[in-house]
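J.:
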Amino acid sequence: MKLEIVTYPDIRLKRKSEKIEVFDEKLHRLLDAMYEKMINTNGIGLAAIQVAHPIRLLVINLPDENDVQKKEDLIEVINPVLSNLEGSTTYQEGCLSVPSFYEDIERSATLTLQYQDRTGQEHTLQADGLFAIALQHEMDHLEGKLFIDKLSYSRRKKFEKEYKKMLKEQKSKK
Ligand code: Y12
Ligand code: CO
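Counting from 4, one number per residue, gives the positions in the sequence shown under the numbering used here.
Following this line, the structure appears as structure tokens:
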């Protein structure tokens with residue numbers, strides 16, 4: 004399955020993703036293709052809507068203490084629900100759908116995640132650190148939101164100017 008990353012300002016990123024009801028081979032093929040795309044583009048998290056599938060699914064594969072992304076650490080998260088969001092933490096976030104832009108974003112520090120795996124089985128776990136940050140970032144995608152939507156008015160204006168310039172430069176190189 005060939006997947007392309009949808010990038011800002013494509014309006015497809017604004018759509019709210021739909022709940023997944025069927026856990027079949029087609030879903031497994033999408034999950035496998037999303038993992039490959041995430042790894043091949045140096046990502047650590049990817050939501051299905053970023054590859055033009057507006058369904059409630061995301062994959063996260065955080066690097067270990069040696070900065071290695073091991074496939075055994077991959078988590079496939081379907082129909083996630085976040086609760087008990089507590090505390091506060093700030094991290095410089097990036098997103099495959101907003102290339103070349105990174106910004107400090109404040110998020111909750113800890114949370115509880117309920118989700119289904121690729122077989123439809125329910126799980127609950129506690130998250131903190133980078134995992135909690137990545138989950139909140141990816142959950143925002145399912146609601147049609149991007150991390151740049153959290154910027155202050157003045158920072159967003161600056162971003163729009165810089166991003167437009169980057170797109171123009173990319174276009175002129177083609
Ligand atoms: C903490 C903060 C944010 C997340 C969400 C997941 N974000 C990513 O996986 C970002 C990946 C990314 C990769 C890039 O590299 C390439 O595209 C080759 C990148 O660089 C450029 O755009 C030039 C930017 C972002 C999880 C945890
Ligand atoms: Co993102």
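No residue lacks a Cβ here, since even glycine has one placed at the ideal position from N, Cα and C.
No experiment lies behind these values; they were computed from the predicted model shown.
Is the number of C-beta pairs between the stretch 91 to 106 and the stretch 68 to 83 that are closer than 8 Å three or more?
T.: Because the criterion of three Cβ pairs below 8 Å is not met, the stretch 91 to 106 and the stretch 68 to 83 do not touch.
J.: Under 8 Å between the Cβ atoms of Gly16 and Gly147?
T.: For this step, residue 16 is matched to residue 13 along the sequence shown. For this step, residue 147 is matched to residue 144 along the sequence shown. For the sequence presented, residue 16 should be read as Leu rather than Gly. Yes. Within cutoff.
J.: How close, in whole Å, do the beta carbons of Gln53 and His140 come, if the pair is a contact with beta carbons under 8 Å?
T.: Within the sequence shown, numbered from 1, the residue matching residue 53 stands at position 50. Within the sequence shown, numbered from 1, the residue matching residue 140 stands at position 137. That pair is no contact at about 11 Å.
J.: What are the boundary residues of the alpha helix (DSSP H) that Ser157 is part of?
T.: Stepping through the sequence shown from its first residue, residue 157 is reached at position 154. Residues Tyr156 to Lys176.
J.: Among Val71, Ile81 and Lys153, which residue has its Cα nearest to the Cα of Ile108?
T.: Within the sequence shown, numbered from 1, the residue matching residue 108 stands at position 105. Comparing Cα positions, the closest option is Lys153.
J.: Tell me, which residues are paired with Glu28 by DSSP?
T.: The count along the sequence shown starts at 1 and reaches residue 28 at position 25. In the DSSP output, where bridge partners are listed per residue, Glu28 has none listed.
J.: For the ligand Y12, I want to know if Ile52 counts as a neighbour, meaning its beta carbon is within less than 7 Å of at least one of the ligand's heavy atoms.
T.: By one-based count along the sequence shown, residue 52 stands at place 49. Incorrect: Ile52 has no Cβ contact closer than 7 Å to the ligand Y12.
J.: Run the Cβ filter for me: residues under 6 Å from any heavy atom of the ligand Y12, listed in the order they occur in the chain.
T.: Listed by chain position, these are Thr44, Asn45, Gly46, Ile47, Gly48, Tyr94, Glu96, Gly97, Cys98, Leu99, Pro102, Ser103, Leu133, Ile136, Ala137 and His140.
J.: Applying the criterion that 16 or more other CB atoms from any shown protein chain within 10 Å of the CB defines a buried residue, is Gly132 buried or exposed?
T.: Residue mapping note: residue 132 aligns to position 129 of the sequence shown, counting from 1. The residue in question, Gly132, is exposed, as its Cβ has fewer than 16 Cβ neighbours within 10 Å.
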